[in-house]
Amino acid sequence: MNQLEKRVYQSVCRDGLLEMTVGTYMVLLGTIFIFQPRLVAFSVFFMFLLKPLVQKVKNSCIYPRTGYVKLKNEDETVGKGIAITAVIFILVLAGSLIALILSLGTVAGRQIWFRWFLPILSSIMFAFGPFWVGTTYGLKRAYLFAAFVPLCGITVAVTGITTGYTSIGIVCLAAGTPALISGVIMFNSFLRRYPLEDVSNVIE
Amino acid sequence: MLLNSKSQTEQQSILGIDRVIHEPARMLILMILLSVENADFLFLLRQTGLTRGNLSSHMSKLEAAGFITIQKEFVEKIPRTLLSIKEDGKSAFYSYCKVMKEIISCCPAE
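One line per chain: the protein sequences are A and B, in this order. Here the first sequence is numbered in our numbering, starting from 5 and rising by one per residue. Here the second sequence is numbered in our numbering, starting from 58 and rising by one per residue.
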């Protein structure tokens with residue numbers, strides 16, 4: 005039963021829409037972090053903007069080709085997951101900053117936090133989503149993405165090419181761009197593999 | 058020949074198999090519907106690999122047995138036949154699995 009469930013879940017993810025959505029969001033988030041980090045809170049609105057857009061694409065391109073399916077507790081689980089991850093992330097980031105300032109002083113503490121903690125912790129947080137997708141849907145490429153994102157964060161921290169909020173932006177762009185590109189490729193091949201079914205989606 | 062009590066139980070188990078669920082295509086449909094909240098005709102068609110007519114006839118049998126519900130709706134002017142498993146269907150499937158496990162446990166090893 006579990007294998008069948010995973011197979012059903014995997015079939016839902018073969019259209020590349022998930023990758024395209026995550027990639028788009030990450031690229032937008034990265035751009036904000038690089039150019040206007042103060043406006044990062046508004047990135048939440050992207051989610052609200054992307055959701056109806058994704059639904060529109062599903063209704064017009066996906067469901068007529070592979071059919072409609074509603075997975076169990078889909079919206080609740082994802083919503084809860086995002087909320088819990090965000091809260092944990094803010095607490096860990098704030099806690100680490102406070103701990104560093106208390107132990108090393110304001111200047112040194114902030115410097116280390118911006119150089120090391122911010123990019124690495126952020127990238128680990130971004131890896132939670134794909135890791136959850138990997139375990140729930142049994143998608144190997146999600147695990148790959150979950151491993152790739154922290155690697156980006158560590159690379160940014162170690163090389164020190166940039167620090168602060170720009171480093172999160174770079175991590176987001178580095179992780180989002182391949183996700184977006186692979187999503188577009190998958191979506192393209194999905195459209196070719198599954199031609200439009202005729203409308204008689206009814207019992208004959 | 059007199060049957061012992063174990064053999065009688067086995068026989069009763071075999072006779073107790075739900076014939077509606079026992080058909081492989083219908084079992085597959087139920088298993089898919091068990092793993093999702095609901096799905097439409099086209100999705101089941103893709104997942105099962107059955108023909109339209111075949112799937113349609115199995116769906117009708119499952120509906121007649123009271124295991125699934127079939128709803129028809131329109132989404133952006135496109136008709137959609139939505140299927141979901143009923144509580145009766147779930148319990149029937151689980152009791153079918155229980156019966157099958159009992160029978161398989163009685164099968165001799167190679």
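All C-beta atoms in this analysis are idealised placements derived from N, C-alpha and C, irrespective of residue type, glycine included. A quick note: this is a predicted structure, and the numbers were derived from the prediction, not measured.
C-beta neighbour in chain A for residue i, strict 8 Å
i             : result
residue 77/B  : no
residue 157/B : no
residue 92/B  : yes
residue 83/B  : no
Opposing strand residues paired with residue i [DSSP bridges]
i             : result
residue 93/B  : 75/A
residue 128/B : 139/B
Local conformation of residue i per DSSP, three classes
i             : result
residue 121/A : helix
residue 40/A  : coil
residue 80/B  : coil
residue 198/A : coil
residue 166/B : coil
residue 133/B : coil
residue 131/A : helix
C-beta neighbour in chain B for residue i, strict 8 Å
i             : result
residue 139/A : no
residue 91/A  : no
residue 58/A  : no
residue 208/A : Low confidence applies to residue 208/A: its pLDDT is 45, below 50, so where it sits in the model is not reliable enough to give any reading.
residue 74/A  : yes
C-alpha distance - residue i paired with residue j, whole-angstrom precision
i             : j             : result
residue 167/A : residue 106/A : 21 Å
residue 133/B : residue 66/A  : 14 Å
residue 152/A : residue 131/A : 8 Å
residue 94/B  : residue 119/A : 46 Å
residue 62/A  : residue 122/B : 33 Å
residue 100/A : residue 49/A  : 27 Å
Residues near residue i in its chain [Cβ-Cβ closer than 7 Å; skip 5 each side]
i            : result
residue 25/A : 54, 58
residue 90/B : 96, 125, 140, 141, 142
residue 51/B : Nothing in the structure corresponds to residue 51/B, since chain B is present only between 58 and 167.
Chain-order list of residues whose beta-carbon lies under 6 Å from that of residue i (same chain, five-residue window excluded)
i             : result
residue 129/B : 138
residue 30/A  : 176, 179, 180
residue 87/B  : 150
residue 170/B : In the structure as shown, chain B begins at 58 and stops at 167. Residue 170/B is therefore absent and cannot be evaluated.
Heavy atom of the ligand ZN within 7 Å of residue i beta-carbon
i             : result
residue 102/B : Only the bare structure without any ligand can be found here, which leaves the ligand ZN out of the picture.
Close-in-space but distant-in-sequence residues of the same chain around residue i (CB under 8 Å, 5 per side omitted)
i             : result
residue 200/A : 68, 69
residue 124/A : 154, 157, 158, 161
residue 112/B : 82, 86, 98, 101, 102, 105
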